[in-house]
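Residue numbers (the working numbering): 1 to 101.
Using N, Cα and C, we set each Cβ at its ideal position, and we do this for glycine too.
These numbers come from a predicted model, not from an experiment.
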């Protein structure tokens, strides 16, 4: 359902200006860049799976900056998934859960 809705939206809104495949590639690249930018600029510790960061916090090696990690991991993950990238569910879930407490 979501795939069909997305395709119909691309065809109706952008299909008249750009070829459909080019619009899909550009939107995917934009979403991937947004995810990269959020992690790179606001919370570099949100990169990767997140499990080593939580293990380091439990051993008092590194602090958990939950106010930075939580929104960046969530919205960066949404951008990555929206662009078609593969994102594991265990690592991000562990890091967001560890950031909450």
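Exercise. So, residue 91 versus residue 28, is the Cβ gap smaller than 8 Å?
Worked result: It is not a contact, given that the beta carbons lie outside the stated cut-off.
Problem set entry | For residue 53, the first and last residue of its enclosing alpha helix (DSSP H) | Here the alpha helix (DSSP H) through residue 53 covers 51-58.
Problem set entry | Range of the contiguous alpha helix (DSSP H) that encloses residue 13 | For residue 13, there is no enclosing alpha helix (DSSP H), as DSSP marks it with neither H nor E.
Exercise. Hey, residue 55 and residue 95: beta-carbon distance below 8 Å or not?
Worked result: The Cβ atoms of residue 55 and residue 95 do not sit closer than 8 Å to each other.
For this session: Return the first residue and the last residue of the alpha helix (DSSP H) that residue 48 is part of.
Result: Under the DSSP assignment, residue 48 falls outside any alpha helix (DSSP H); it carries neither an H nor an E label.
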